[in-house]
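Right, one structure below, let's go through it.
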Amino acid sequence: MTDTAVTLWRVETKTKASATFAIVAGLIIVLAFAAPLFASRSVQQDLFFILTMLVLAQNWNLLAGYAGLVSVGQQAFVGFGAYAMFALVILGGLDPLIAILLAGIASALLAVPTAFFLFRLQGAYFAIGSWVIAEVVRLALAQWKMLGGGTGTSLPREATRDMPALKLVGDLFGVKSSGAGDILTYWLALLLAIATIGLVYRLLRSKQGLGLAAVRDNQEAARSVGVDARRMKTLVYLAAAFGTGLCGALIYVQKARISPDAAFSVVDWTAYVIFIVVIGGIGTIEGPIVGVIVFYILQNLLADYGSWYLLILGLIGIVIMLFAPRGLWGLFAERTGIQLFPVRRRLTGGPVPSSKKGGPHG
Amino acid sequence: MAWLDTIIQGILLGGLYALFAAGLSLVFGIMRLVNLAHGDLIVLAAFLILMLVSALGLNPFAAALVAMPAMFAIGWALQFFLLNRTLGTDILPPLLVTFGLSIVIQNGLLEGFSADSRRISIGGLESASVALGPISVGVMPLLTLASAIAVIIGLNQLFYRTSLGRAFRATSDDPVTAGLMGIQPKRIFATATGIAMVVVTIAALYLGTRANFDPTIGPARLIYAFEAVIIGGLGSLWGTLAGGIVIGIAQTFGAAINPEWQILAGHLAFLLVLLVRPRGLFPRAVD
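As you go down the protein sequences, you meet chains A and B in turn. Just so we're aligned: 45 in numbering that gives the first Met the number 0 is position 46 of the first sequence, and the numbers increase by one with no gaps anywhere. Just so we're aligned: 213 in numbering that gives the first Met the number 0 is position 214 of the second sequence, and the numbers increase by one with no gaps anywhere.
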């Protein structure tokens, strides 16, 4: 190396693997959008399930894996989002698509008072506190007689059938309204999943994301350099409530039938989600993606075994937490050094070889 | 007099919630571990008692006595082999492992005992009552409250009067220094969880004899226990009893207005306390 060379320092997060992956991801997205052209309705419904679970998992991962807010009460927002959508469609006569968006906003609004209560509880108590909140929301909505009270209600068929977007999709593919409904909800789930991953990735690469990682690793140290830990955590909590509520509303547009016990199910909307994130790898964007695929495969393999399925899922979760706390993706990334969504800032372009690995990412 | 009756029924119900909470409070106080499977362990103990009653024809109280050492052993092993591995500064492993455990116990019980509602029969005691002035009170609810008070007195004696209690307090304050004094924190933790499971067995006896139970009701018991601990203030067992009674009274009043509001009223009382006294009614511990 000569002395005359101008050394250009750059801070970047991109790696060779991530650049290649970006191209592959682009192709997958194009393929996924085109899926209704060649995939059957049952495949579309399975993909819808996978994508919505992925959205819930990314939101929970953002809370627990990045902000250190371990919630076991995210079903509060799934259920509230779903009920808000039902109320807007049935009582307000709105188009379900608009209702989904408003339901997300309603969930974020619900998160304001719940944050006020929950942030008085620390660590593990935050977890059970979030569960109490979910129970309160469930019991309160079960009193809403106009939406069926404790037994629940159905979305009127004409509300979904008369959606302009549905007619458009139906004409485009030449299918009946039920088929068009599957295509539309699948597309929305795909859009939501891409947007969620995109926004989470963007957040983690931003200054705020760096602050968030600092708070997670050492709250006192982070605060001493000027990171407002409480504000960051509150923002993440509200954002996760928005995303979770939006997803809940979308799930129940597809289900078209709601009851308090199903919409606020701790198993369906929190236990599965936690296992997805833990098995895949908590604290990474790749983790929930890997987790949801493993989860889907396990569900298909063990579907006939009833409660054995959850029992085995619980055992796998425990074993992973004890022996591979970074999950399957963590094991893979540790061995290969590959990161598809790198967030670690590296200094490149200088005279010093930049191949040295940094500390834990973030 | 209806309101007086409601208050007394609420206090008695609070005894049951205090029993649910005492084990949780004990484990948290010593090792800062919040066991999300606590409610499911209560249900597990109830099924154990039920099995002993139906298989050996034992009286439920005798069956509970037999179940106690078994539950102690389960608690000891659970802590020593599983939960001790999760302790540390990171709150994720203990929470997620005990959450997984909760799901495993629930579904194991579903597999073994089906989703049917069960009840442990205690014959005539079920409907027996005594007259306290103008109000008649069930013998079993009265026994529940008396047991809760006895458990709290017993645990306080254990904590402050015995060498094991001294070891508990020392380990709770500083496990490393306690280790230097010849205490093995891991064994102390295991013993503490074992004792908590003995309390859980007592709670399970009253849970199973007073009302129907099935494998899925554990999480709700965990929530009541947790609310009692927070209302009472962390680290105070008498506070936990007070917390249990607050929830009990709120629930019976809620139920008196509208049966559907029973559970909701208990939760709202908890949120109200959290609003006005975030550290609980009788706070002792700093964290």
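Positions of the beta carbon are idealized from the N, C-alpha and C atoms, including for glycine.
Item: Should P259/A be flagged as near chain B, meaning a C-beta pair shorter than 8 Å?; Value: no
Item: Considering just the uninterrupted stretch of the alpha helix (DSSP H) at L93/A, what are its terminal residues?; Value: Neither: L93/A is in no alpha helix (DSSP H) and is coded neither H nor E.
Item: Closer than 8 Å, CB to CB, is V10/A near chain B or not?; Value: no
Item: Just the Cα atoms here: how many angstroms apart are P287/A and W237/B?; Value: 43 Å
Item: Please list, in chain order, the residues of the region 162-182 of chain A that have any C-beta partner in chain B closer than 8 Å.; Value: none
Item: Compare the C-alpha of L237/A against each of S17/A, I317/A, A75/A, W8/A and name the closest.; Value: A75/A
Item: In its own chain, which residues sit with a C-beta less than 6 Å from the C-beta of G28/B, not counting the 5 before and 5 after it?; Value: G234
Item: Would H336/B pass as a contact of V135/A if the rule is Cβ separation under 8 Å?; Value: As shown, chain B starts at 0 and ends at 286. That puts residue 336/B outside it, with no answer to give.
Item: Taking 7 Å as the limit between beta carbons, can you name the residues of its chain near I196/A, skipping five residues before and five after?; Value: Q57, I284
Item: Whole-angstrom Cβ separation of V77/A and G247/A, contact assumed at under 8 Å?; Value: 3 Å
Item: Kindly say whether V26/B, judged by its beta-carbon, lies nearer than 8 Å to any beta-carbon of chain A.; Value: no
Item: Is M52/A close to chain B? Criterion is C-beta to C-beta, closer than 8 Å.; Value: no
Item: Take F188/B as the anchor and find which of V275/B, M139/B, R31/B, V272/B has the nearest alpha-carbon.; Value: R31/B
Item: Provide the residue span of the beta strand (DSSP E) that contains S128/B, from first to last.; Value: 128-131
Item: Please name the residue in L211/A, A239/A, F241/A whose C-alpha comes closest to that of D227/A.; Value: L211/A
Item: Does the beta carbon of F116/A sit closer than 8 Å to a beta carbon anywhere in chain B?; Value: yes
Item: Run through DSSP, which three-state label would I257/A get?; Value: strand
Item: Rank I10/B, L274/B, I6/B, L23/B by C-alpha distance to the C-alpha of T143/B and give the top, closest one.; Value: I10/B
Item: Output yes if chain B places a C-beta closer than 8 Å to the C-beta of M145/A; else output no.; Value: no
Item: Helix, strand or coil: which one does DSSP assign to T152/A?; Value: strand
Item: Under the DSSP definition of a beta bridge, which residues are partnered with G197/A?; Value: DSSP lists no partner for G197/A.
Item: Can you give me, in chain order, the residues of the region 27-58 of chain A that have a beta carbon less than 7 Å from any beta carbon in chain B?; Value: none
Item: For V277/A, return the contacting residues in chain B, with the cut-off set at a CB-CB distance below 7 Å.; Value: L95
Item: So that I know if they touch, is there some Cβ in chain A lying closer than 8 Å to that of L18/B?; Value: no
Item: Below 8 Å between beta carbons: does that hold for A188/A and T51/A?; Value: yes
Item: Pick out the complete alpha helix (DSSP H) segments inside the region 44-89 of chain A, 4 residues or longer, and give them in chain order.; Value: 74-89
Item: Could you compute how far the alpha carbon of G164/B sits from the alpha carbon of T200/B?; Value: 21 Å
Item: Runs of 4 residues minimum, wholly inside the region 29-86 of chain B: which ones carry the alpha helix (DSSP H) assignment?; Value: 37-55, 59-76
Item: On the premise that A20/B lies in contact with A227/B, defined as a C-beta separation below 8 Å, what is that separation, rounded to the nearest angstrom?; Value: 4 Å
Item: Using DSSP with H/G/I as helix, E/B as strand and the rest coil, what is V226/A?; Value: coil
Item: Looking at L15/B: is its Cβ nearer than 8 Å to the Cβ of Y159/B?; Value: no
Item: When the Cα atoms are used, what is the spatial distance from Q107/A to G242/A?; Value: One detail in the question is off: residue 107/A reads as Ala in this sequence, not Gln. So the two alpha carbons sit approximately 8 Å from each other.
Item: CA-CA distance, G22/B and A147/B?; Value: 11 Å
Item: Can you name, in chain order, every residue of its own chain whose Cβ lies under 7 Å from the Cβ of S353/A, other than the five neighbours on each side?; Value: In this prediction, S353/A scores a pLDDT of 47, lower than 50, which makes its location untrustworthy; the coordinate-derived value is nonetheless stated afterwards. Hits under 7 Å: R345, L346, T347.
Item: Residue range of the beta strand (DSSP E) that L7/A falls in?; Value: Segment: none, L7/A is in no beta strand (DSSP E) and carries neither H nor E.
Item: Taking only three categories from DSSP, how would you classify I99/A?; Value: helix
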